[in-house]
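Below: the structure, in structure tokens.
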Amino acid sequence: MAGSSQVSLTPTKAPAARVWHTRRRSLQRALVPFAFLAPFLVLFAFFLITPLVYAFRMALYNERIVGGTVFVGLSNLEQAVQDSSFYTGLEHMALLGVVQIPIMIGLALLFALLLDARAVWLPSLFRFGFFLPFAVPTVVAALMWGDLYAPSFGPLSQVSRDLGLGTPGFLTSGWMLGSLGNIVTWEWTGYNMIILYAALKTIPPEIVEAAAVDGASPLQTALRIRIPFISPALVLTGVFSIIGTLQLFNEPQIMSVIAPQVIGTAYTPNLYVYNLAFSSHEFNYAAAVSFVLGAFVFFTSYVFIFLTRKQR
Amino acid sequence: MTALTTFLEQGLTRRNRRRSFATLVMLLFLVYFMLPIFWLIVSSTKSDSQLFSTFGLWFAHFDLLQNLHQVFTYDGGIYLTWLGNTALYAVTAGVGAALCSTMAGYAFAKYRFRGRNVLFAVVLGSIMIPQTALVIPIYLLLSKVGIINTPFAVILPSLVSPIGVFLMRVYADRAVPDALLDAARVDGAGEFKIFRAVSFRILVPGFATVLLLSFVATWNNYFLPLVVLSTPKYYPLTVGLAQWNSSSSAGGGANVLFSIVVAGALVAVVPVAIAFLLLQRYWQGGLTAGGVK
Chain A
0 MAGSSQVSLT
10 PTKAPAARVW
20 HTRRRSLQRA
30 LVPFAFLAPF
40 LVLFAFFLIT
50 PLVYAFRMAL
60 YNERIVGGTV
70 FVGLSNLEQA
80 VQDSSFYTGL
90 EHMALLGVVQ
100 IPIMIGLALL
110 FALLLDARAV
120 WLPSLFRFGF
130 FLPFAVPTVV
140 AALMWGDLYA
150 PSFGPLSQVS
160 RDLGLGTPGF
170 LTSGWMLGSL
180 GNIVTWEWTG
190 YNMIILYAAL
200 KTIPPEIVEA
210 AAVDGASPLQ
220 TALRIRIPFI
230 SPALVLTGVF
240 SIIGTLQLFN
250 EPQIMSVIAP
260 QVIGTAYTPN
270 LYVYNLAFSS
280 HEFNYAAAVS
290 FVLGAFVFFT
300 SYVFIFLTRK
310 QR
Chain B
0 MTALTTFLEQ
10 GLTRRNRRRS
20 FATLVMLLFL
30 VYFMLPIFWL
40 IVSSTKSDSQ
50 LFSTFGLWFA
60 HFDLLQNLHQ
70 VFTYDGGIYL
80 TWLGNTALYA
90 VTAGVGAALC
100 STMAGYAFAK
110 YRFRGRNVLF
120 AVVLGSIMIP
130 QTALVIPIYL
140 LLSKVGIINT
150 PFAVILPSLV
160 SPIGVFLMRV
170 YADRAVPDAL
180 LDAARVDGAG
190 EFKIFRAVSF
200 RILVPGFATV
210 LLLSFVATWN
220 NYFLPLVVLS
230 TPKYYPLTVG
240 LAQWNSSSSA
250 GGGANVLFSI
260 VVAGALVAVV
270 PVAIAFLLLQ
280 RYWQGGLTAG
290 GVK
């Protein structure tokens, strides 16, 4: 901060007035960043901190038909930690995440590397085409894939039958996680590709050229130089994917319309919380479950960041 | 076209063979990414009965205009209301979130103050909070203050974009040189004047990126409006379409025709797709900031 130098440039005043003036200026200066932060922080306090505190408070109470609102301490949270419906959903998401996230980020990385190395023709077509699903609302994405999956009139089934392979059971309980994973992959691969591609663009060209001069093959350059260089961006896409997967809601909620027997009320943790609150009107218990879910999201993200940091 | 000419001129050198193979693989994936969109376009040209009786991935009788007419007239033209609502929510939330994020990110990047790191850590950590953990208490709190089931219930929470603050901090860190700010201060400009006249101009590309991302996030948001709105005339497209979809899947005479749902879905996608096509340099360049930090 160029505080003192600026004050000396102000026109000379009586000494006492000048001291007062300087103090006022420095106080003003200290408040400047908070003035810039104010609009965001006010909204942040109202729509993030307050609801969070409120949800925690709710989790400590129960609504009783007789007796009204009663303080129950941690019993809702204890119940949530042991709730088998919650764990069913969590298991689904863990299974989905372990398989789908590596596939999605692997593909995004492959595409980004190929585009960045100018290894393909028509790069702008691929950049736009792969990113386009991000522009499609998840509701519409789930709706489209749901119809593509449909066993009777769905085109994927039509093609499969024409090839003599029978009707695939996209919407059966055995395939549903895979079918949802495909929708998520379709939606987010291009977005992750763009983040990784942008990170690759920041590698100083000299480094890659030097490697080429030393006789490194494109594959070696990718594995030894370009991928390690963008590892922070890879971790970032990984964390965002974990957070997104554990919170999956829109896709299963829309798909439950066409496969209600497979996607029950607790197919994902967020679906369970939503149904607890808005079907069963157990708002207090729903708040408790969402808190436990939040703890899992935090925990998983930090474990992931910790594990990936160790390797660097 | 130039790519093709070079290709022909140079013939099948080793590099070109490799490049052609990579391009072929990418083309297969392009088919995968375009398949649902192609299906949506094809399906929106079909009548309701043809949707179930003809091959899904090719055109039959061309009924696009009839379908669009039905989309915009069904149930007293409610779709147009939803489209207007979506545009209103997305534009106000997009501009508002981008402004708040730009100022906050600028403050984090360019000023040293007490509690800066703690505050920033809190903002970043908030990205991990599950939607439900927030949306349910927001629903209850907004019910208490009486703005539940109004446009404000969707717009106000959408103004908070921790990712936007994160992106703008990284962007301002790199784009706005301290020397420039000091020079402006020496010239006697106040901090807010400097922000308006100097810094903001430099931050415009980052601002546009956050605007685009927040606009799309609000345009496509489903969970928040699903919870906080109950009157159809306030619905955005996502909630309206989901409701039409449930109704049409339930079958029966009084329900929404499937062809209307499909054509309505196409109309919902087109504006954002065009925005992305026109604003390529923002989402391609501006996301850089988030990627490298």
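As they're listed, the protein sequences go chains A and B.
Counting along the first sequence from 1, when you hit position 31 you're at 30 in numbering that gives the first Met the number 0, and nothing is skipped either side.
Counting along the second sequence from 1, when you hit position 29 you're at 28 in numbering that gives the first Met the number 0, and nothing is skipped either side.
We put the beta carbon where it would ideally sit given N, CA and C, even for glycine.
Predicted model, so just to flag it, every value in this text is computed and none were measured.
Item: Phe228 of chain A CB to nearest heavy atom of the ligand MN below 7 Å; Value: In terms of ligand content, the structure shown is empty, and the ligand MN therefore cannot be addressed.
Item: Proximity test, Cβ basis, 8 Å: Trp144 of chain A and chain B; Value: yes
Item: Under the three-state DSSP convention, the category Tyr105 of chain B falls into; Value: helix
Item: Short CB-CB distance (under 8 Å) between Phe61 of chain B and chain A; Value: no
Item: Beta-carbon spacing of Arg18 of chain B, Trp120 of chain A below 8 Å; Value: yes
Item: Outcome for Leu26 of chain A when other beta-carbon atoms lying within 10 angstroms are tallied against a minimum of 16; Value: exposed
Item: Which residues DSSP lists as bridging Gly67 of chain A, in chain order; Value: A:Arg63
Item: Touch test, the stretch 164-180 of chain B against the stretch 99-107 of chain B, Cβ-Cβ under 8 Å, three pairs minimum; Value: yes
Item: Chain B within 8 Å of Ser159 of chain A, Cβ atoms only; Value: no
Item: is_contact[Leu55 of chain B, chain A] using C-beta, thresh 8 Å; Value: Checking the displayed sequence, the identity of residue 55 of chain B turns out to be Gly instead of Leu. Answer yes: the Cβ-Cβ gap between Gly55 of chain B and chain A drops below 8 Å somewhere.
Item: Stretch-stretch touch, CB-based, cutoff 8 Å, three pairs: the stretch 130-141 of chain B with the stretch 212-227 of chain B; Value: yes
Item: Proximal residues of chain B, C-beta to C-beta of Thr137 of chain A below 7 Å; Value: Asn219, Tyr221
Item: Min CB distance Ser245 of chain B to chain A below 8 Å; Value: yes
Item: Leu113 of chain B in three-state terms, based on DSSP; Value: Looking at the sequence provided, one finds Arg at residue 113 of chain B rather than Leu. Correct three-state label for Arg113 of chain B: coil.
Item: Alpha-carbon spacing of Ile48 of chain A relative to Ala249 of chain B, whole angstroms; Value: 40 Å
Item: Short CB-CB distance (under 8 Å) between Ala303 of chain B and chain A; Value: Nothing about residue 303 of chain B can be read from this structure; chain B reaches only from 0 to 292.
Item: Short CB-CB distance (under 8 Å) between Leu276 of chain B and chain A; Value: yes
Item: CA-to-CA distance, Phe298 of chain A to Tyr138 of chain B, given in whole angstroms; Value: 26 Å
Item: Val215 of chain B versus B:Val226, B:Val269, B:Phe191, B:Tyr234, residue with shortest Cα-Cα distance; Value: B:Val269
Item: Phe112 of chain B: contacting residues in chain A (beta-carbon distance under 8 Å); Value: Ala29, Pro32, Phe33
Item: Contacts that Val296 of chain A makes with chain B (C-beta to C-beta distance below 8 Å); Value: Met127, Ile128, Pro129
Item: Straight-line Cα distance separating Val30 of chain B from Thr166 of chain A; Value: 22 Å
Item: Under 8 Å between C-beta atoms of Phe54 of chain B and Pro154 of chain A; Value: yes
Item: Assigned secondary structure, Gly163 of chain A (DSSP; H/G/I helix, E/B strand, else coil); Value: coil
Item: Chain B contact residues for Ala118 of chain A, given Cβ-Cβ distances below 8 Å; Value: Arg17, Arg18, Ala21
Item: 6 Å CB neighbourhood of Ser210 of chain B in its chain, flanking five on each side removed; Value: Note that residue 210 of chain B is Leu in the sequence shown here, rather than Ser. Same-chain partners within the cutoff: Gly93, Ala97.
Item: Below-8 Å beta-carbon distance, Pro204 of chain A vs any chain B residue; Value: no
Item: Neighbourhood of Val139 of chain A by C-beta distance below 8 Å, restricted to the same chain and skipping five residues each side; Value: none
Item: Inter-residue Cα distance where the pair is Ala294 of chain A and Thr68 of chain A; Value: 25 Å
Item: Whole-number beta carbon distance between Thr171 of chain A and Val261 of chain A, since they are thought to touch under 8 Å; Value: 7 Å
Item: Contacts that Ile242 of chain A makes with chain B (C-beta to C-beta distance below 8 Å); Value: Ile126, Met127
Item: Proximity of Ala210 of chain A and Ile226 of chain A at Cβ, strictly below 8 Å; Value: no
Item: Cβ neighbours of Gly290 of chain B in the same chain (closer than 6 Å, five flanking residues each side left out); Value: Note that Gly290 of chain B scores 38 on pLDDT, short of 50, meaning its location in the model is unreliable and no value can be drawn from it.
Item: Chain-order list of residues whose beta-carbon lies under 7 Å from that of Leu141 of chain B (same chain, five-residue window excluded); Value: Ile147, Ala152, Val227
Item: Three-state secondary structure assigned by DSSP to Ala210 of chain A; Value: helix
Item: Residue environment, His91 of chain A, which counts as buried when at least 16 other CB atoms sit within 10 Å; Value: buried
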